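**Student:** In our numbering, the protein residues as written are 4 to 484. Ideal Cβ placement from N, Cα and C applies to all residues, glycine included. Note that this is a predicted model, so its numbers are computed, not measured. This is the structure I have questions about; it appears just below.
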């Protein structure tokens, strides 16, 4: 393995690991804010107990997510210095705003929410969590804007003297056509992940005899989670369809690779649900297909033309040239790894569809107060958050791997972005150390989650009513947990 291979493995491991926490963090802020708002409006004890219970699980996830996110930023300077230099002028503005505005909005109001249970009026306290959620949405917008620029560069000029892309239109980057469809898709997937987490944890506790007295509360939480999952799942499907059409327009090679379509289909291109092929993916042995579906996914019409890998590769060689010394262009190969792209696309869609269908089934079987069998409810409920988490991870893998060999589409190859001064030993040491560290963090995360999930929701404790300007206005903030 050379430095490029090691750097790519490290980036993949760190990014996928970090992204395990991101959707759940975004979605849980909305779920917790909604539960607390329901308690403020109705006064029902169950909503407050669920709020505080899932807040503990959220804080564990949030803490690990922040730690892994910091490492994510450092690796750009460590292994990808040429890439960082190339995109620095474009990424500087959105990522600076994300750090100075969005993240501080999250952290400030999260602190007020944690320490303000007996200090802030109830409505204002719930509003703090809504502002935390707003901060997560803002963070997501700016980070996804940067990633969308890598998929479809706009609003820049190339400075040949400095060898850098320079920002010319901030708003073009912020409202990139890829960004406009990617943001709602990612956020709805986050809501879906949080919905299944609420459902799955509640289903686990529902099936435990230790928490039998709280079954009505967990039954309610199961249905709330199922509703969130189903509605968000429908939104994910709609925005994913829109994203596919934009992807076909700006990155036709990615859509062709998602299907393993080597020759252009002039109309009614089929979509294969399942394929058995040769190891390199170039020949099909057995396939189960849906006629015309690929044309519809890519163009919105069953008669739409979907370009194939081979003609696109020839066009790319003609447009971008060919470097015979580069492994990325061997025999004019501008294609990503087809098996990875093909299957990650299907894992993403299949697991997402399974989660939405599972939520719909649970809603049907728990309608009008019905109580389903404990065993199958627990098994299905626990499987759903695993499915949505894996679906999000496979979606991220598809997005990044499908763009290869480009790190910035049409402008910079992945091979060109790696740090020139890093040795194989340094890169390998970094990979091993960070992978072991992340494995340790995974053990800590799982142990903490299991410990607090098993405890279940704490007994109801009425928080004091606080009025602005009351006699206790100088009372110090206290930690709520």
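Compare the beta carbon distance of residue 236 and residue 390 with 8 Å and say whether it is the shorter of the two.
**Tutor:** Residue 236 sits at position 233 when you count from the first residue of the chain shown. Residue 390 sits at position 387 when you count from the first residue of the chain shown. No, the pair does not count as a contact, with Cβ atoms beyond the cut-off.
**Student:** Residue 387 and residue 242: beta carbons closer than 8 Å?
**Tutor:** Stepping through the chain shown from its first residue, residue 387 is reached at position 384. Stepping through the chain shown from its first residue, residue 242 is reached at position 239. No; because the gap between Cβ atoms is not below 8 Å, this pair is not in contact.
**Student:** Please report the Cβ distance between residue 459 and residue 208, rounded to the nearest whole angstrom; I am assuming they are in contact, meaning their Cβ atoms lie under 8 Å.
**Tutor:** As a first step, residue 459 must be located in the chain shown, where it is residue number 456. As a first step, residue 208 must be located in the chain shown, where it is residue number 205. Beta-carbon to beta-carbon, residue 459 and residue 208 are separated by about 5 Å, close enough to satisfy the 8 Å threshold.
**Student:** In the DSSP assignment, find the beta strand (DSSP E) that holds residue 168 and state where it starts and stops.
**Tutor:** Here residue 168 is taken as the residue at index 165 of the chain shown, counted from 1. Looking at the DSSP string, the run of the beta strand (DSSP E) that includes residue 168 is 167-170.
**Student:** Can you check the region 117-191 for any alpha helix (DSSP H) of at least 4 residues that lies completely inside it and give the ranges in chain order?
**Tutor:** Listed in chain order, the complete alpha helix (DSSP H) runs (minimum 4 residues) inside the region 117-191 are 125-154 and 173-177.
**Student:** Compute the distance between the beta-carbons of residue 168 and residue 85, then report whether it is under 8 Å.
**Tutor:** Working through the chain shown from its first residue, we reach residue 168 at position 165. Working through the chain shown from its first residue, we reach residue 85 at position 82. Taking 8 Å as the Cβ cut-off, residue 168 and residue 85 do not qualify as a contacting pair.
**Student:** Mapping the DSSP letters down to three states, classify residue 89 as helix, strand or coil.
**Tutor:** As a working mapping, residue 89 is identified with position 86 in the chain shown. Three-state result, residue 89: helix.
**Student:** By Cβ distance, which residues of its chain are closer than 8 Å to residue 298, with the 5 residues on each side in sequence left out?
**Tutor:** Indexing the chain shown from 1 puts residue 298 at position 295. Answer for residue 298: 268, 270, 271, 272, 304, 305, 306, 307, 308 and 309, listed in chain order.
**Student:** How is the beta strand (DSSP E) around residue 409 delimited, first residue to last?
**Tutor:** On the chain shown, residue 409 is found 406 positions in, with the first residue counted as 1. Residue 409 -> beta strand (DSSP E) spans 409-411.
**Student:** Determine contact between the region 339-350 and the region 399-408, defined as no fewer than three beta-carbon pairs at a distance below 8 Å.
**Tutor:** yes
**Student:** Out of curiosity, what's the CA-to-CA distance linking residue 205 and residue 56?
**Tutor:** Residue mapping note: residue 205 aligns to position 202 of the chain shown, counting from 1. Residue mapping note: residue 56 aligns to position 53 of the chain shown, counting from 1. Between residue 205 and residue 56, the C-alpha separation is close to 11 Å.
**Student:** Which residues in the same chain have their Cβ closer than 8 Å to the Cβ of residue 126, if we skip the five residues on either side of it in sequence?
**Tutor:** Taking the first residue of the chain shown as position 1, residue 126 is located at position 123. Closer than 8 Å at the Cβ level, and outside the excluded window around residue 126, lie 43.
**Student:** Exposed or buried, what is residue 4 when buried is set at 16 or more other beta-carbons lying within 10 Å of its beta-carbon?
**Tutor:** Locating residue 4 in the chain shown gives position 1, counting from the first residue. It is exposed - the Cβ of residue 4 has fewer than 16 other Cβ atoms within 10 Å.
**Student:** In the DSSP assignment, find the unbroken alpha helix (DSSP H) run with residue 77 in it and report its ends.
**Tutor:** Walking along the chain shown from the start, residue 77 turns up at place 74. Unbroken alpha helix (DSSP H) run through residue 77: 48-82.
**Student:** Between residue 104 and the rest of its own chain, which residues show a CB-CB distance below 7 Å, the 5 nearest in sequence each way excluded?
**Tutor:** Taking the chain shown and counting its residues from 1, the one referred to as residue 104 is at position 101. Counting only Cβ-Cβ distances below 7 Å, and skipping sequence neighbours, we find 141.
**Student:** For residue 415, does the three-state DSSP call read helix, strand or coil?
**Tutor:** Here residue 415 corresponds to residue number 412 of the chain shown, with the count starting at 1. Residue 415 falls in the strand class under three-state DSSP.
**Student:** Starting from residue 220, trace the alpha helix (DSSP H) both ways and give me its first and last residue.
**Tutor:** Residue mapping note: residue 220 aligns to position 217 of the chain shown, counting from 1. Where residue 220 is concerned, the enclosing alpha helix (DSSP H) stretches over 218-253.
**Student:** Which one of 320, 392 and 15 has the shortest CA to CA distance from residue 191?
**Tutor:** Taking the chain shown and counting its residues from 1, one reaches residue 191 at position 188. The shortest C-alpha separation from residue 191 is found at 392.
**Student:** How would you call residue 442, buried or exposed, if buried means at least 16 neighbouring beta carbons within 10 angstroms?
**Tutor:** Residue numbering aside, residue 442 sits at position 439 when the chain shown is read from its first letter. By the 10 Å Cβ count, residue 442 comes out exposed.
**Student:** If we ignore side chains and look at the alpha-carbon of each, how far apart do residue 249 and residue 181 end up?
**Tutor:** Working through the chain shown from its first residue, we reach residue 249 at position 246. Working through the chain shown from its first residue, we reach residue 181 at position 178. Across the structure, residue 249 and residue 181 are spaced so that their CA atoms are roughly 7 Å apart.
**Student:** Just to confirm, are residue 233 and residue 366 a CB contact at a threshold of 8 Å?
**Tutor:** On the chain shown, residue 233 is found 230 positions in, with the first residue counted as 1. On the chain shown, residue 366 is found 363 positions in, with the first residue counted as 1. Yes, these two residues count as a Cβ contact at 8 Å.
**Student:** Could you check how far apart the C-beta atoms of residue 427 and residue 6 are, in whole angstroms? I think they sit under 8 Å.
**Tutor:** Translated into the one-based positions of the chain shown, residue 427 becomes position 424. Translated into the one-based positions of the chain shown, residue 6 becomes position 3. Right, their Cβ atoms sit about 6 Å apart.
**Student:** Along the alpha helix (DSSP H) that carries residue 21, what are the first and last residues, could you check?
**Tutor:** Residue mapping note: residue 21 aligns to position 18 of the chain shown, counting from 1. Element bounds for residue 21: 6-22.
**Student:** In the DSSP assignment, what residue or residues form a beta bridge with residue 200?
**Tutor:** The residue you call residue 200 lines up with position 197 of the chain shown. Per DSSP, none; premise fails for residue 200.
**Student:** Check residue 486 in the structure and name its three-state DSSP category.
**Tutor:** In this structure the chain extends from 4 to 484, so residue 486 is not present and cannot be described.
**Student:** Helix, strand or coil for residue 331, going by three-state DSSP, please let me know.
**Tutor:** Here residue 331 is taken as the residue at index 328 of the chain shown, counted from 1. Reliability fails at residue 331, whose pLDDT of 47 lies under 50, so the model's placement of it is uncertain and the value that follows must be treated cautiously. Here residue 331 sits in helix by DSSP.
**Student:** Assuming residue 246 contacts residue 155 under a Cβ cut-off of 8 Å, what Cβ separation, rounded to an integer in Å, is found between them?
**Tutor:** Position 243 of the chain shown holds residue 246. Position 152 of the chain shown holds residue 155. Between residue 246 and residue 155, the beta carbon gap of about 12 Å keeps them out of contact (Cβ cut-off 8 Å).
**Student:** Judging by CA-CA distance, which residue of 257, 447, 133 and 25 is the nearest neighbour of residue 146?
**Tutor:** Locating residue 146 in the chain shown gives position 143, where the first residue counts as 1. When only C-alpha atoms are compared, the closest one is 25.
**Student:** How would you label residue 53, buried or exposed, when you count the other beta carbons within 10 angstroms and need 16 or more for buried?
**Tutor:** Residue mapping note: residue 53 aligns to position 50 of the chain shown, counting from 1. With a 10 Å radius around the Cβ and a threshold of 16 neighbouring Cβ atoms, residue 53 comes out buried.
**Student:** Step through the CB atoms of chain B and report whether any lies within less than 8 Å of the CB of residue 464.
**Tutor:** Looking for chain B here will not work: only one protein chain is present.
**Student:** With a threshold of 6 Å on Cβ separation, who are the neighbours of residue 334 within its own chain once the five nearest residues in sequence on each side are excluded?
**Tutor:** The sequence position of residue 334 within the chain shown is 331, counting from 1. Residue placement at residue 334 is flagged as unreliable, the pLDDT there being 46, under the threshold of 50; the coordinate-derived value follows with that caveat. Nothing meets the Cβ criterion.
**Student:** Return the chain-ordered list of same chain residues with a C-beta closer than 7 Å to the C-beta of residue 90, the five sequence neighbours on each side being excluded.
**Tutor:** Residue mapping note: residue 90 aligns to position 87 of the chain shown, counting from 1. The residues are 168 and 411.
**Student:** Any idea if residue 97 is buried or exposed, counting beta-carbon neighbours within 10 angstroms, 16 or more meaning buried?
**Tutor:** The count along the chain shown starts at 1 and reaches residue 97 at position 94. Residue 97 comes out buried.
**Student:** Determine the DSSP secondary structure at residue 449, reduced to helix, strand or coil.
**Tutor:** On the chain shown, residue 449 is found 446 positions in, with the first residue counted as 1. In this structure, residue 449 counts as helix in the three-state DSSP scheme.
**Student:** From this set, 349, 292 and 261, which residue's C-alpha is nearest residue 311's C-alpha?
**Tutor:** Here residue 311 is taken as the residue at index 308 of the chain shown, counted from 1. Answer by Cα proximity: 261.
**Student:** Quick one: using the 10 Å Cβ neighbour count with 16 as the cut-off for buried, is residue 112 buried or exposed?
**Tutor:** Looking up residue 112 in the chain shown gives position 109. So residue 112 counts as buried.
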